[in-house]
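Remarks on the structure that follows.
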Amino acid sequence: TDVALSPDTLDVEFRERTEEAAPDFPGVHTLGVVDHGPRPAGPSLTRRGVELTVPMAAAEADGFAEVWTTTRPVRTGCHRGIHYAYDGEHLFCAGRVPAARSYARRTEEAYTALLELTGELGYHSLFRMWNFIGRINEDNADRLEIYRDFCLGRATAFEKSRYPLRRLSAATGIGALGEGISFCALSAKSGICTPLENPRQIAAYHYPRRYGPKSPSFARATHVRHTAAGTGTGTAEDAPSQDAPAHDHRTHDRLYVSGTASIVGHASVHAGRIEEQVRTTLDNIAGVIGDANAAAHGLAHGYRLTDLYRAKVYVRHAEHLDAVRRLCAEAFAPEAEIAFLNVDICRSDLLVEIEGIAR
Ligand code: 3HB
62 TDVALSPDTL
72 DVEFRERTEE
82 AAPDFPGVHT
92 LGVVDHGPRP
102 AGPSLTRRGV
112 ELTVPMAAAE
122 ADGFAEVWTT
132 TRPVRTGCHR
142 GIHYAYDGEH
152 LFCAGRVPAA
162 RSYARRTEEA
172 YTALLELTGE
182 LGYHSLFRMW
192 NFIGRINEDN
202 ADRLEIYRDF
212 CLGRATAFEK
222 SRYPLRRLSA
232 ATGIGALGEG
242 ISFCALSAKS
252 GICTPLENPR
262 QIAAYHYPRR
272 YGPKSPSFAR
282 ATHVRHTAAG
292 TGTGTAEDAP
302 SQDAPAHDHR
312 THDRLYVSGT
322 ASIVGHASVH
332 AGRIEEQVRT
342 TLDNIAGVIG
352 DANAAAHGLA
362 HGYRLTDLYR
372 AKVYVRHAEH
382 LDAVRRLCAE
392 AFAPEAEIAF
402 LNVDICRSDL
412 LVEIEGIAR
């Protein structure tokens with residue numbers, strides 16, 4: 062039937078880096094491309110919406126492109142260095158903080174610009190953020206670890222924007238090759254977003270002071286009931302669609318799971334033991350997406366590890382890649398698309414981190 066063939070409003074897939082993001086369906090448009098390559102580039106505006114190359118692949122051949130598509134036509138723009146693309150319901154935006162002696166101030170400026178943008182365009186519900194941080198476990202010029210330096214700037218931006226901690230979205234903060242910080246984010250206009258915490262872990266935004274001057278600003282997951290089109294007060298400018306039906310009430314649900322690691326309470330566990338870290342990470346994901354936690358957050362149902370249809374797995378040491386691949390293959394559905402990247406993790410004692418999307 063038409064319904065079975067009709068693609069979801071917002072979708073994501075992994076492609077070869079060299080592949081054009083040619084639409085598979087007529088009426089599928091590209092909102093953004095996160096190109097995982099050897100060197101940083103962008104963000105810039107192209108026919109494919111916003112393109113950001115994050116330095117995450119040791120060689121040209123190792124990378125892949127994460128392509129965000131929408132069934133609605135896309136418009137693009139730039140606000141104080143934040144490049145963005147929007148479809149009347151979803152906003153994808155990206156920015157970069159170049160190499161610096163310290164990052165807090167520039168990170169604060171960049172996140173302030175991002176929050177201004179979501180407010181001005183009316184895409185108020187941030188639901189997913191990614192931060193790709195060069196030299197993440199090394200010190201800045203003031204001997205503050207660069208991850209902590211980044212967290213300080215980000216938290217200050219949310220604080221000054223009076224953003225409630227309980228509305229923070231799922232995120233990833235992960236190591237990247239080279240220097241500087243690249244970031245991107247997705248927000249929704251009328252989709253219903255529910256941030257989730259994990260009963261096995263203390264909220265990251267309440268981590269104690271010992272992990273840095275400001276706690277990391279993110280939730281463990283965001284559940285989104287995506288709507289096909291903005292409802293209510295849309296104008297021609299913010300609903301740029303000619304070929305989407307005027308009253309498209311389709312919805313689809315997604316659960317966006319943050320970068321998750323071997324942390325129980327607030328402490329890293331199983332230092333130096335890769336298999337145990339992978340198992341604890343998978344247990345953490347199962348706990349945050351499962352029925353009991355979903356019900357505790359007012360959702361109709363939960364998910365299992367086999368409901369994750371896209372995942373990215375970050376592995377600190379290349380020699381652990383085989384073991385991690387094997388454990389992930391056992392845990393996830395055979396048809397899940399899983400990308401593996403050899404990069405550093407936000408705490409020096411963590412060996413692996415996993416993020417994903419469940420449906
Ligand atoms: C973050 O600081 O945004 C973050 C870091 C992680 C995992 C998830 C989010 O290691």
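For the sequence shown, the numbering used here gives the first residue as 62, with consecutive numbering after it. Yeah, the Cβ is synthetic: ideal placement off N, Cα and C, and Gly gets one too.
Rounded to whole angstroms, Ala-218 and Asn-192 show a C-alpha spacing of 15 Å.
Tyr-164 has its alpha-carbon roughly 27 Å from the corresponding atom of Phe-401.
Distance check between Tyr-375 and each of Gly-363, Gln-338 and His-358 places Gln-338 closest, using alpha-carbon atoms only.
Secondary structure note for Glu-414: its beta strand (DSSP E) is the uninterrupted segment 413-419.
In this structure, Thr-321 is the residue among His-313, Glu-240, Thr-321 and Asp-210 with its C-alpha nearest to the C-alpha of Ala-265.
DSSP, read as helix, strand or coil, puts Val-330 in coil. Secondary structure in the region 73-112: the beta strand (DSSP E) runs of 3 residues or longer, each lying completely within the stretch, are 90-98 and 102-107 in chain order. Following the DSSP letters along the chain, one finds Val-339 in no beta strand (DSSP E) but inside the alpha helix (DSSP H) bounded by residues 335-350. For Arg-136, there is no enclosing alpha helix (DSSP H); the residue is found in the beta strand (DSSP E) stretching over 136-140. Inclusion of His-284 and Thr-70 in the CB contact set at 8 Å is not warranted, their separation being larger than that value.
Our two residues, Tyr-208 and Gly-363, have alpha carbons roughly 32 Å apart in a direct line. Excluding the 5 residues flanking it on each side, Arg-215 has same chain C-beta neighbours closer than 7 Å at Thr-168, Tyr-172 and Ser-278, in chain order. Checking the DSSP bridge columns, you'll see Cys-154 partnered with Tyr-145 and Ala-246. His-287 has His-313 as its beta-bridge partners, per DSSP.
By the beta-carbon neighbour count (other beta carbons within 10 angstroms, threshold 16), Pro-101 is buried.
Taking a C-beta distance under 8 Å as the contact criterion, Cys-245 and Ser-186 do not qualify as a contact pair. Taken through DSSP and simplified to helix, strand or coil, Gly-180 comes out as helix.
In the DSSP assignment, Arg-261 falls outside any alpha helix (DSSP H), carrying neither H nor E.
For Pro-269, the number of other beta carbons within 10 angstroms of its own is below 16, and it is reported as exposed. Judged by DSSP in its simplified three-state form, Asp-69 adopts coil rather than helix or strand. The beta carbons of Arg-76 and Val-128 sit about 6 Å from each other, so the pair counts as a contact at 8 Å. DSSP places Asp-203 in the coil class of the three-state scheme, outside both helix and strand.
In this chain, Glu-396 is not harboured by any beta strand (DSSP E), its DSSP state being neither H nor E. Rounded to whole angstroms, Asp-200 and Arg-162 show a C-alpha spacing of 9 Å.
Under the three-pair Cβ rule at 8 Å, the region 144-155 counts as touching the region 92-99.
Short of 7 Å from the beta carbon of Ile-399, and not among the five residues preceding or following it, lie these beta carbons of its own chain, in chain order: Ala-372, Val-374, Cys-389 and Phe-393. With respect to the C-alpha of Ser-222, the residue from Asp-148, Ser-276, Ser-248 and Thr-179 having the closest C-alpha is Thr-179.
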